[in-house]
Amino acid sequence: MARTQEVSRDDMTPAQQEVFDAIAGGPRGGVRGPFLPLLNSPELADKVQKLGQFVRYDCSIPWKLREIAILVTAYHWKAQYEWFAHDSEARKAGISETVIEAIRQGQKPDFSDPAEEEIYDFCVELYAIKRVSDDAYQKIVDRHGTEGATDLAGLLGHYNLIAITLNIFDVEVPGGITPLEL
Numbered sequence: 529m530a531r532t533q534e535v536s537r538d539d540m541t542p543a544q545q546e547v548f549d550a551i552a553g554g555p556r557g558g559v560r561g562p563f564l565p566l567l568n569s570p571e572l573a574d575k576v577q578k579l580g581q582f583v584r585y586d587c588s589i590p591w592k593l594r595e596i597a598i599l600v601t602a603y604h605w606k607a608q609y610e611w612f613a614h615d616s617e618a619r620k621a622g623i624s625e626t627v628i629e630a631i632r633q634g635q636k637p638d639f640s641d642p643a644e645e646e647i648y649d650f651c652v653e654l655y656a657i658k659r660v661s662d663d664a665y666q667k668i669v670d671r672h673g674t675e676g677a678t679d680l681a682g683l684l685g686h687y688n689l690i691a692i693t694l695n696i697f698d699v700e701v702p703g704g705i706t707p708l709e710l
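Read left to right, the sequence shown gives residues 529 to 710 (this note's numbering).
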């Protein structure tokens, strides 16, 4: 059961309303998921949404690869809402159904694109051993530069925060579905 409820904008404090408006008026187009509990701390919500806007929409890592990193993170944390929100985004970004399903099952996909495989391997290695090898790091730097490696670190940090927030506050997926096995 969700530990936070959606609050009408009219019932929010002025600080909450300001952040709510910034989120709703940005590329997300609405306030949902992790931002419902984050609005309990308007300053945190504002900082998280600004970082999220950059890493989700504007960072140097291509959209398709960002979505793979997000799906691996959602799987790692079994963050149901995060998976739900990014499963469709991954499809829109051009990730194949077989890759998405393999990640959802906790299996390494058969990749046809080496860039996708490098991002996947980097993320899985990070979550498995809490570090990345020189080889995994170098593949990211060779393809995306040091800026790309830095943006990937920021993206992963952000989506770990989102997954943790979703899990702590038990944010429910619409319709009550659980796309990831616990």
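Ideal Cβ placement from N, Cα and C applies to all residues, glycine included. Keep in mind the model is a prediction, meaning the values are calculated, not measured.
Straight-line Cα distance separating residue j from residue i
i	j	result
residue 601	residue 540	31 Å
residue 696	residue 690	10 Å
residue 611	residue 626	15 Å
residue 531	residue 688	19 Å
residue 586	residue 700	27 Å
residue 663	residue 538	52 Å
residue 558	residue 666	38 Å
residue 545	residue 661	44 Å
8 Å contact criterion, which residue i and residue j should meet: CB distance rounded
i	j	result
residue 597	residue 683	6 Å
residue 621	residue 592	4 Å
residue 589	residue 676	6 Å
Residue from the options whose Cα sits closest to the Cα of residue i
i	options	result
residue 635	647, 646, 652, 641	652
residue 534	553, 676, 563	563
residue 702	609, 688, 552	609
residue 708	693, 677, 607, 638	607
residue 536	560, 655, 624, 658	560
residue 604	552, 638, 658	658
residue 624	646, 650, 595, 649	595
Do three or more CB pairs link the segment 573-583 to the segment 625-633 at distances below 8 Å? no
Tell me, please, whether the segment 641-656 touches the segment 667-682 by the rule of three or more beta-carbon pairs shorter than 8 Å. yes
Contained beta strand (DSSP E) runs [length at least 3] in the segment 573-601, N- to C-terminal order: none
Can you list, in chain order, the stretches of the alpha helix (DSSP H) that have 4 or more residues and sit fully within the segment 638-685? 642-657
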